[in-house]
Amino acid sequence: MICYGGFMATRINELSQHVGETVTLQGWLYAHTGKGKLAFLQVRDGSGIAQCVVFKGDVDEQTFEAAQHLSQESSLIITGVVKADKRAPGIPGGYELGVKSLQVIQKAEDYPITPKEHGVEFLIDNRHLWIRSSRQWAILRVRATVMRAIRAWLDQHGYIEMSTPVLTPSAAEGTSNLFEVAYFDDKAYLAQTGQLYNEANIFAFNKVYCFGPTFRAEKSKTRRHLTEFWMVEPEVAFCDLDQLLEIEEQFVSYIVQTVLKENEAELALLGRDPNLLTHIAPPFPRITYDDAVAKIKELQAATEDPEQKQLLDMTWGMDFGAPHEAALTRLYDKPIFVTGFPSAVKAFYMEPVPGRPEVCKSADLLAPEGYGEIIGGSERISDPDLLLKRIHEQDLPEAAYKWYIELRRYGSVPHSGFGMGVERTVAWICGIEHVREASPFPRLLNRLYP
RNA sequence: UCCUCGAUAGCUCAAUGGUAGAGCAACCGGCUGUUAACCGGUAGGUUACUGGUUCGAGUCCAGUUCGAGGAGCCA
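Using our numbering, the first residue of the first sequence is number 4, and each one after it goes up by one.
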């Protein structure tokens with residue numbers, strides 16, 4: 004019996020509910036080994052991995068022959084009796100199938116990713132296959148939970164999702180790190196933020212968010228950069244920076260707690276210690292830029308390593324580099340807010356701190372363990388004259404911002420918002436080295452395939 | 001754009017300037033509890049590319065291409 008569509012099949016993550024019953028699984032051979040009259044098949048079905056044991060005495064000769072010669076990633080339908088067995092490997096493991104019959108849908112030939120170590124280049128070239136591997140499978144399931152938790156928290160708290168355009172007009176903040184695309188006889192650019200449009204949306208809907216891919220044509224080759232990544236950007240009317248930080252810490256904590264609750268098996272598979280995440284709850288430490296600079300200088304003075312000493316070089320007014328963020332966040336076991344950056348290194352639309360116009364009401368949220376910035380947020384300038392002045396100071400084309408300035412002429416209010424990078428957040432929660440593994444098909448500098 | 005490192009079998013890696021090797025994967029055989037099983041056997045190579053030095057180059061030199069890590073910039 005072939006059960007296409009899956010409605011007749013049992014899912015591997017539900018095997019524990021079927022002990023003693025005869026069930027049918029539909030999946031792919033993940034790994035196999037044998038021992039004379041026994042064949043051990045590890046079968047994936049998308050929900051988990053289960054060991055299926057074929058004993059020569061239990062099946063006809065053809066079936067045993069087929070089981071012995073099954074190749075990795077062959078697709079199959081397999082029927083047998085569910086047994087609890089502590090020895091059974093798999094995800095979640097502990098249950099296995101005593102096979103009664105086996106049907107090979109397709110015998111795979113020479114699957115390239117073997118259960119041995121492989122290099123990064125080979126794996127990323129084979130990303131379309133690599134996502135079947137258990138670590139990648141686990142990471143991408145956590146990503147799906149993160150994305151679901153993002154929407155759940157925002158939806159539960161009165162935000163409405165409002166799509167912002169991916170194709171945006173020319174000009175804006177300079178085009179050096181934008182991807183240019185032909186737009187009939189004109190040029191358009193792939194969006195690197197939906198924020199300005201969200202600032203229009205709040206005047207219609209009060210609390211909004213956009214959530215989608217965003218594009219940066221930066222020539223960055225580091226473990227923290229993708230050229231296409233997903234970002235969620237909430238924007239809130241009648242909201243100052245202090246209120247924004249409370250929103251952010253609740254939001255991030257909810258996401259982490261949701262993953263801890265729903266992806267225990269995935270985190271275990273990744274070797275991620277949940278104790279590094281269980282205490283993630285409000286409030287998060289807040290530190291001003293001024294204090295952060297002082298702390299970094301202390302750390303620089305304390306280090307013996309001459310290379311670190313040079314990397315930690317810091318003077319007031321500089322933006323943080325990755326080494327600064329890493330050193331600073333290692334002092335805390337929670338994400339930290341760094342507030343009040345110099346206006347000169349931040350975007351033109353950020354509200355100045357009253358009495359200290361050289362710094363602005365901005366806040367970066369830095370993840371612990373050296374993962375660095377996962378959120379950038381700020382209170383936006385609400386005064387039209389000040390906004391216009393800042394646009395002139397930064398030599399931006401006023402005409403391109405006509406609509407944006409107009410927002411401040413028709414019922415302007417204090418408002419704030421932030422953007423959170425999904426892949427960096429997933430990388431932190433999963434404890435992985437590189438953001439490329441937090442995206443199903445990462446786009447990187449020099450890498451557009453597959 | 002800059003700095004550092006790298007490219008040898010399908011994969012991961014060896015190989016004093018002197019015959020190109022191993023493990024895994026594949027294929028054949030053995031084993032009733034394997035967890036990246038184990039044991040025996042078979043097959044598998046334009047050493048990234050171009051040029052140079054040398055009696056002789058995977059190895060030394062120059063250039064090119066591709067990749068990795070990092071810096072800057074950023075989520």
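For each residue, glycine too, the CB sits at the ideal point set by N, CA and C. Just so you know, these numbers come straight off a predicted model, no measurement behind them.
- Residue 137 is bridged by DSSP to nothing; it lacks a bridge partner.
- Within the same chain, 436, 437 and 438 come within 7 Å of residue 226 by CB-CB distance, once the 5 residues on both sides are set aside.
- Residue 206 is positioned such that its CB atom lies no closer than 8 Å to that of residue 390.
- Listed in chain order, the alpha helix (DSSP H) runs fully inside the stretch 404-437 are 405-409 and 425-433, counting runs of at least 4 residues.
- Look at residue 60 here: in three-state DSSP terms it is helix.
- Comparing alpha-carbon positions, the option among 130, 129 and 63 lying closest to residue 105 turns out to be 63.
- Pairwise C-beta distances place the stretch 40-48 out of contact with the stretch 121-130, as fewer than three of them are shorter than 8 Å.
- Annotation: residue 128 to residue 161 spans about 42 Å, alpha carbon to alpha carbon.
- Nearest to residue 251 by alpha-carbon distance, out of 241, 139, 236 and 263, is 236.
- By the Cβ criterion, the stretch 102-118 is not in contact with the stretch 144-163, since fewer than three pairs of Cβ atoms, one from each stretch, lie closer than 8 Å.
- Shown here, residue 332 sits in a helix according to DSSP, grouped into three states.
- Here residue 186 is exposed. Its C-beta has fewer than 16 other C-beta atoms within 10 Å.
- Inter-segment contact for the stretch 237-257 and the stretch 412-428 is present: three or more beta-carbon pairs are separated by less than 8 Å.
- For residue 304, the secondary structure class from DSSP, reduced to helix, strand or coil, is helix.
- In this structure residue 366 does not touch residue 385 by the C-beta definition: roughly 17 Å separates them, more than the 8 Å allowed.
- Residues of the same chain with a CB within less than 6 Å of the CB of residue 349, apart from the 5 flanking positions on each side, are 363 and 365 in chain order.
- Residue 383: not part of any alpha helix (DSSP H); member of the beta strand (DSSP E) spanning 375-383, first to last residue.
- With contacts defined as CB atoms closer than 8 Å, residue 284 and residue 374 fail to qualify as a contacting pair.
- Residue 363 is bridged by DSSP to 355.
- Within the model, the alpha-carbon separation for residue 140 versus residue 270 is close to 11 Å.
- Residue range 25-38 is occupied by the beta strand (DSSP E) that includes residue 35.
- Put simply, the stretch 248-268 does not touch the stretch 299-309. Fewer than three CB pairs are less than 8 Å apart.
- For residue 389, the enclosing alpha helix (DSSP H) begins and ends at 387-396.
- With at least 16 other beta carbons inside 10 angstroms of its own, residue 210 counts as buried.
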